[in-house]
Amino acid sequence: MTSHIRNFCIIAHVDHGKSTLADRLLHLTGTVPDRDTTEQILDSMDLEREKGVTIKASAVRMNYTAKGGEAYELNLIDTPGHVDFGYEVSRALKACEGAVLVVDATQGIEAQTLANLYQALDADLAIIPVINKIDLPSARPDEVAEDIASLLGVKADEVIRISAKDGLNVDQVLESIVRRVPPPKDDSASRLRALIFDSHYDSYKGVIAYIRVFEGSIKPTDTLHTFATRADMKPVEIGIFAPDMKPVQNLTAGEVGYIATGLKTVHDCRVGDTITLASAPAPDPLPGYRHPKPMVFAGIYPVEADDYPELRESLDKLQLNDASLTFDPETSQALGFGFRAGFLGLFHMEIVQERIEREYLLDVLFTAPSVEYEVLMINDEIITVDSPAELPDDESKIAEIREPWMTIEIITPTEYYGPIMDLVTKRRGIYKSQEYPAPHRVQLDFEIPLSEIIVDFFDELKSRTKGYASLDYQFLEYRPDELQKLEILVNGEPVDALAAIVHKKDAYHKGQRMITKLKEIIPRQLFDVAIQASAGGRVISRANVKATRKDVLAKCYGGDITRKKKLLEKQKRGKKRLKMVGNVEIPQEAFMAVLKLEEE
Amino acid sequence: MSYSLYFHIPFCTHRCAYCDFNTYAGQEDSIPAYVDALCKEIEFVGQSSHAERSGSTVEAHTLFFGGGTPSLLSPKRFEKILRTIRDHFDLIEDVEITVEANPGTVSFDDLKTLHSLGINRISFGVQSANPEELRMLERIHDFFDVIDAVEWARKAGFDNLNLDLIYGLPEQTLTSWRATVQRILDLHPEHISAYALTLEHGTPFGRWSARGLLPIPDPDLAADMYEWASEAFDAAGYGQYEISNWARVKDESRKLKDKSAAGSSSFIFYPSSFECRHNLQYWRGLPYLGFGAGAHGYANNYRYSNTLRIKTYIERMNEYRKSNIEFPLSPATVNQHHQSVGDDMSEYMMTGLRLTREGIAAPAFRRRFGRELSEVYSREINDLIQLGLLEWHEEACEGYESSQALRLTRRGRLLGNQVFIRFVE
Ligand SMILES: Nc1nc2c(ncn2[C@@H]2O[C@H](COP(=O)(O)OP(=O)(O)OP(=O)(O)O)[C@@H](O)[C@H]2O)c(=O)[nH]1
Ligand code: SF4
Ligand SMILES: [Mg+2]
């Protein structure tokens, strides 16, 4: 019987209030007592709490007695808003019949509002539009309601206006869910098909797969099978989130819950995969599985070389929860032993960096991010290069270098049209089309190389539009272009971790910027240090860091040797953190310098 | 082994803008109680040294009154302190007794009395001859005070004067520094110290520069100043013996040598110049006792220091109960570190290499640690020689066979930290 089940998710642009609305729903249904005043209850990671950003989707079951007196089982899935995690949103949507679309009354429609909405429509979900934050003085609920109405083809007064923070009108959201989200199909007699829409790792129970059962049912004693990874498993337990994990004896078609798989890595249990019964497998998996592909790559190195084993361990553990993180060992002549890691985007990369530093207390160095290039050699061999230093030096052997291109949609108030066009074309973007999804809002569609947007594009976009523009993007295709390696040489030695792949027309400018920056960052040493940028076998920029002449402590006061020694020890510790390139000491920040080239 | 004794006098009438020494302005009322406490500490340590050394008295060859501004004490108080010292320690006949003085706080009469008490070296904090610079430093004196003070000291009989200078001041030019050096040389001191300004955390200078109100001294310009001054001092007959210290050769070269020098590790090298014997004691890693608030000492395998605050110091010296405090510590000691051989060795390098003329003599190192300098630190020494910061120097020394000494090169003098850090942990 599924007529009293409703599965829905909350979708929105970043920070429009999904997690806060979820809090209110949890309180209102008594799932979490009112006196629990934790905010963003479903954001359980420290990092999520601190940043106020949802990184992982989460699911929770609520029991709700509607105004008519009937009891319903509501399964809520909270999703991340950031574009890097779009794939998780798409999976979560697949697990639902309805979506609450939250729009911030002060911001209006933004890029992920649209991106997520289109995905939800694609998945055939019933949409419940909600305007949030109407308590704020700067709220423009009427205007935003008009925009939503024209977007969805509904009446403006049908859009529920709430304050998730104060709880105003949130009861109406619950009622709408019951009325407007269709119940799941009752297909419990068919063979088992359950979608894994997320997972996390639990040190006692192994990988916990978040699932939506579409057909058939699961008992704790069943032997299960995964389609894509072809793993068989005896679950440790099955259960529901209420909101903590609570074992149950049965999960049937239409329900949302979890399977504690006992599996040791998330690789065996991938988001998007389908679970069936080993004894009576369904003929086909549910449609649409794809493995999220990393788009951005960077080197990760321990600041203290001794931390290498700990770094490997922390990456292993992070991967348990995050199947989209990839890494392989890498060695740099400048930075020693480390890893080449792949991420969904720059935000994902930042999150990984912070988690390594905070959850594993490791000091790490991330090199400047790069995309993955395809290099066609003249002998027709194709090599992929995700680390610029690996690009073959001999240009005559290279037929073509291809790089990933993206389609991007930028939504902005119309007055920022000009600055955005300027920004995108400066970065090799190509204008495709425009639309007006709402009055005063324009959506600009471009194609642009990914390498041009991974470095400070988003910040630049925000600063040119006073924070109003938002952005969504998808992979388009690989395209060839006039690309070349920009190398940095320190006292004649190329520094692998500072190499970059750039467009030929940008090489000169970027090389100069890089040299200027490095000259500021590299401290004076005991000898002159020459820094050069070279591209296509030519030195295009150079500078000299003059040898230091004075570095000595003055007076030893009244025989206070101890203080002097401490100062020297401190200086020595600081020196140890510098990276040696040949005999030149280079501070960590130099390796991120390319990220800051566009500043000033 | 002959000791050096240091006495800290933590009083100043006004705190200079760059100063982070342990000193206090406006607490002059505590001077009498402080001097009493200081005498108690001298007595205490004197007695515990007797006990430690089965009755024999510690011999001292230098006394140094530093501050703060020791010249704020009246001659009568010096008399009392010196009497207490003589009661508890054996001062050698040729003892060096230095008093630091602020040129704005001395009078001819007082200087005369101090000289008659046996004090034979005055160190004046001059810092600069430029009125603007002195004002910026918030010194309480002007250069006329310096001229008077030096003249009075000469008349009072002092034939060993040091003048302290600071270079690398914000907005200081090479021209103004040259003028300062020239005017200092005109006063014919026996000894000159020139220290680079460091902006210390917690001082007005530190705060102003952190807020961008004070131009940070240009290190290259400071290096030029140092080099120019080194040459000027050299030309004027001063010999450099430490990174920041220069001394004139004594006129009637009275070369004294300790009879027991050859075989013992406690030789005292009586310099034939006006080198400050007290400071040499620090650099050579020889023992010294520290008395007074915030004073540091190094003896009997301890590095130790006393409580910083005047009030606490006085309380501690008045209220202690006799317990088994080990020599050289006192009831005022708040930090003590028992030295390992490793500590001693690395500090020996770090201080010894500051001695630009003598450096670290290989035989002295061998005598002290029973190991070869060139072996213990072979890698560090080789690297630093390669970098042009260290050199081996052949010294023909009277009473010794010629011996190898490791010392800073000319260039290394300004890059001392780059050398020293190689010898610390
Ligand atoms: N004034 C006001 N603030 C709100 C309201 N709802 C949410 N907020 C605030 O908006 C910010 C973002 O809220 P979240 O619930 O974390 O937003 P989110 O959509 O889950 O964000 P992501 O998970 O990062 O996509 C928080 O600071 C909330 O306190 C509201 O109704 N009124
Ligand atoms: S006189 Fe010396 S001790 Fe006193 S405040 Fe000035 S610099 Fe510091
Ligand atoms: Mg959230």
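Top to bottom, those sequences are chains A and B. When we follow my numbering, the leftmost residue of the first sequence carries the number 385, and every step to the right adds one. When we follow my numbering, the leftmost residue of the second sequence carries the number 6, and every step to the right adds one. Ideal Cβ positions, reconstructed from N, Cα and C, are used throughout, including at glycine.
Beta-carbon contacts of residue i that lie in its chain and below 7 Å, excluding the five residues immediately before and after
| i | result |
| --- | --- |
| residue 783 of chain A | 760, 761 and 762 |
| residue 396 of chain B | 390, 412 and 414 |
| residue 417 of chain B | 394, 395 and 424 |
| residue 984 of chain A | For residue 984 of chain A, the predicted structure reports a pLDDT of 41, less than 50, and the residue's modelled location is therefore unreliable. A value from the coordinates is still provided. For residue 984 of chain A, where only same-chain residues beyond five positions count, there are no Cβ hits under 7 Å. |
Own chain residues within Cβ distance below 6 Å of residue i, not counting five before or after
| i | result |
| --- | --- |
| residue 914 of chain A | 875 and 928 |
| residue 49 of chain B | 335 |
| residue 722 of chain A | 683, 684, 685 and 714 |
| residue 286 of chain B | 9 and 293 |
| residue 547 of chain A | 518 and 519 |
| residue 666 of chain A | 575, 577 and 660 |
| residue 525 of chain A | 489, 515, 518 and 545 |
| residue 924 of chain A | 892, 895 and 917 |
| residue 20 of chain B | 30 |
| residue 878 of chain A | 871 |
Reduced DSSP category for residue i - H, G, I as helix; E, B as strand; rest coil
| i | result |
| --- | --- |
| residue 686 of chain A | strand |
| residue 816 of chain A | strand |
| residue 718 of chain A | coil |
| residue 290 of chain B | coil |
| residue 705 of chain A | helix |
| residue 747 of chain A | coil |
| residue 897 of chain A | helix |
| residue 13 of chain B | strand |
| residue 502 of chain A | helix |
| residue 272 of chain B | Residue placement at residue 272 of chain B is poorly supported in this model, since its pLDDT is 43, which falls under 50; the coordinates are not used for a value here. |
| residue 553 of chain A | coil |
| residue 871 of chain A | strand |
Top-ranked residue by Cα proximity to residue i, from the options
| i | options | result |
| --- | --- | --- |
| residue 679 of chain A | A/670, A/711 and A/691 | A/711 |
| residue 662 of chain A | A/612, A/616 and A/973 | A/616 |
| residue 207 of chain B | B/398, B/427 and B/22 | B/22 |
| residue 910 of chain A | B/388, B/61 and B/328 | B/388 |
| residue 643 of chain A | A/664, A/582, A/693 and A/817 | A/582 |
| residue 959 of chain A | A/703, A/415, A/744 and A/971 | A/971 |
| residue 419 of chain B | B/26, B/399, B/362 and B/224 | B/224 |
| residue 332 of chain B | B/241, B/319 and B/303 | B/303 |
| residue 491 of chain A | A/754, A/532 and A/944 | A/532 |
| residue 695 of chain A | A/743, A/705, A/865 and A/728 | A/743 |
| residue 64 of chain B | B/44, B/138 and B/291 | B/291 |
| residue 460 of chain A | A/571, A/508, A/503 and A/641 | A/641 |
| residue 727 of chain A | A/942, A/702 and A/487 | A/702 |
Burial state of residue i (16 or more Cβ within 10 Å)
| i | result |
| --- | --- |
| residue 375 of chain B | exposed |
| residue 6 of chain B | exposed |
| residue 590 of chain A | buried |
| residue 649 of chain A | exposed |
| residue 363 of chain A | In this structure chain A extends from 385 to 984, so residue 363 of chain A is not present and cannot be described. |
| residue 329 of chain B | exposed |
| residue 516 of chain A | buried |
| residue 563 of chain A | exposed |
| residue 269 of chain B | The predicted position of residue 269 of chain B is uncertain, since its pLDDT is 42 and thus under 50; no value can be drawn from it. |
| residue 862 of chain A | exposed |
| residue 429 of chain B | buried |
| residue 964 of chain A | exposed |
| residue 820 of chain A | exposed |
Other residues of its chain near residue i: CB distance less than 8 Å, five sequence neighbours each side excluded
| i | result |
| --- | --- |
| residue 62 of chain B | 51, 54, 55, 93, 94 and 95 |
| residue 264 of chain B | Confidence at residue 264 of chain B is low in this model, with a pLDDT of 39, below 50, so the placement of that residue is unreliable and no value is reported for it. |
Contact residues within the segment 947 to 976 of chain A, judged by C-beta distance below 8 Å to chain B | 948, 949, 952, 953, 955, 956 and 959
Chain-ordered residues of the segment 340 to 365 of chain B with a beta carbon less than 9 Å from chain A | The segment 340 to 365 of chain B vs chain A, Cβ under 9 Å: 340, 342, 348, 351, 352, 355, 356 and 359.
Chain-ordered residues of the segment 195 to 223 of chain B with a beta carbon less than 9 Å from chain A | When C-beta distances to chain A are compared with 9 Å, the residues of the segment 195 to 223 of chain B below that value are 198, 200, 201, 202 and 203, in chain order.
Please name the residues in the segment 230 to 257 of chain B whose beta-carbon is closer than 8 Å to at least one beta-carbon of chain D, in chain order.
-> As a matter of chain content, chain D is missing from the structure shown, whose protein chains are A and B.
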